[in-house]
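Residue numbers for the sequence shown follow full-length UniProt numbering, so the first one is 1 and each next one is one higher.
For glycine and all other residues, C-beta sits at the position ideal for the given N, C-alpha and C.
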Amino acid sequence: MKRQWNEFVREKMVEKNLKQDDIAEALDRTQGSIGHWLTGRRTPNFDDVAKMLNVVGVDQVILNSDGLITTLDNDELEIIGKPKDGIIPVVGEATMGRDETVRLEELRTGYINLYSADPDAYAVRGKGSSMEPRIKSGEYIVIEPNTPPMNGDDVLICTIAGQYMIKTLDWHRDGEYRFSSINNAHQPFNLPENEVVNIHTVGAIVKAYRFVAFEDIEQAVESQG
């Protein structure tokens, strides 16, 4: 029996009483990203689909290129293909202020072991506790500048005043953006388009264990040489 993978995952989430936040935490992704995938507004890569199936208790799947899966006996599925490997450069540190402003400092220390479909994706290491529980100090924030932000996405905002903020995009219309706090610590606010330089989508919030330092890469290369 063939069915859409996201319908299957939603069904399993109900069975296991899982919420989108549970899936997001397991995949080191934002709740907004998971929501877009499950509703079909965006298409995740193979690796993320396989991880979601694993989180809901399904270890094997026949995943077709059209997004359909074939269910086998006892809901066992066979994985066809290979998850994509990738690395994302860490370009600095983001000190998170009490009002969810961010001070960026360029500091190239290594890579995040994670695939992104955006070739220009980059990561910054978060410092501070003002955005907990969504972003904890020491975690890495993956930014995808070429991924158009959608309502509900977490985003990194740069204003014409040179201020950086991490917020949730509520909507964009009539020449204005509406943003809200990612941990509901502050009131929502509007920004005119002409006060915004750019808005980059937060693609993932990644645990520190995915970080690989330049020194470790060099040692691995030397040991293979």
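- The count of Cβ pairs closer than 8 Å, one atom from the region 115–133 and one from the region 171–179, stays below three, leaving the stretches out of contact.
- One alpha carbon belongs to I141, the other to A185, and they sit about 19 Å apart.
- The alpha-carbon separation between I143 and L156 amounts to approximately 8 Å.
- Contact between the region 9–16 and the region 178–193 is absent, with fewer than three C-beta pairs closer than 8 Å.
- Membership of G32 in the alpha helix (DSSP H) is indicated by the continuous run Q31 to T39.
- Runs of the beta strand (DSSP E) spanning 3 or more residues and lying entirely within the region 124–148 occur at 140–144, in chain order.
- One Cα belongs to W5, the other to S116, and the distance between them is close to 20 Å.
- For R173, the enclosing beta strand (DSSP E) begins and ends at Y164 to R173.
- Segment contact: the region 30–38 against the region 145–159, three or more CB-CB distances shorter than 8 Å; contact assigned.
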